[in-house]
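Numbering (the UniProt record's numbering), first residue to last: 1 to 169.
Built from N, CA and C at the ideal position, the CB exists for glycine as well.
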């Protein structure tokens with residue numbers, strides 16, 4: 001009496017639990033990929049900004065030395081244009097003051113075009129999720145910084161911050 005009928009209900013419950021577990025694992029994987037991609041992009045942006053920061057005497061005078069970039073989890077990383085445009089903001093600490101540094105980068109057009117050549121819906125999904133992390137981690141040279149700015153505290157009158165274009169010296 002308890003054979004086939006009871007097994008069907010238990011099988012449906014087990015199937016539902018498996019589907020929920022799979023959905024949770026998938027959501028966790030997407031979140032982890034996003035966090036790791038932000039970390040990789042922050043490192044690329046920071047590594048591109050540090051040489052121009054170190055070469056800027058005005059920044060050193062305003063903030064004091066040594067200069068140190070704050071931790072990546074306190075930064076802001078925003079991607080647009082299917083992951084081909086990135087804006088990163090991070091805090092730069094000196095011995096006298098701190099400031100925000102903004103780095104805007106674009107991905108090399110040829111690289112962006114090859115990543116965008118998806119073909120099928122399955123390839124489009126793969127191109128929108130996994131390759132950004134992989135391409136960013138293994139080919140950071142595909143990124144070109146187009147703007148690196150520091151927002152200095154109390155540079156101007158009335159306590160207003162001053163912007164310094166670090167790419168122009």
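Secondary structure note for residue 98: its beta strand (DSSP E) is the uninterrupted segment 98-107.
By the Cβ test, the region 45-61 is in contact with the region 84-95, since at least three Cβ pairs between them sit closer than 8 Å. Cβ-Cβ distances below 8 Å link residue 100 to 89, 90, 91, 92, 150, 151 in the same chain, with the five nearest sequence neighbours on each side left out; the list follows chain order. At least 8 Å separates the beta-carbon of residue 56 from that of residue 146.
The secondary-structure analysis by DSSP pairs residue 76 across a beta bridge with 89.
Residue 48 is not bridged by DSSP to any residue.
When C-alpha distances from residue 83 are compared across 35, 68, 107, the shortest belongs to 107. Ranked by Cα distance from residue 54, the options 25, 94, 140, 29 are led by 94. In the structure shown, the three-state DSSP call for residue 27 is helix. In the three-state reduction of the DSSP assignment, residue 70 falls in the coil class, being assigned neither a helical nor a strand state. Boundaries around residue 59 are those of the alpha helix (DSSP H), 57-63, since no beta strand (DSSP E) includes it.
With respect to residue 148, residue 166 sits close: the two C-beta atoms are nearer than 8 Å.
Across the structure, residue 31 and residue 63 are spaced so that their CA atoms are roughly 35 Å apart. Setting aside the 5 residues that flank it on each side, residue 67 is surrounded in the same chain by 53, 54, 59, 60, 92, 93, 94, each with a C-beta closer than 8 Å to its C-beta; the list follows chain order. Closest by C-alpha distance to residue 80, out of 105, 26, 21, is 105. By the Cβ neighbour-count rule, residue 20 is exposed, with fewer than 16 other Cβ atoms within 10 Å of its own. Distance from the CA atom of residue 70 to the CA atom of residue 76, rounded to whole angstroms, is 11 Å.
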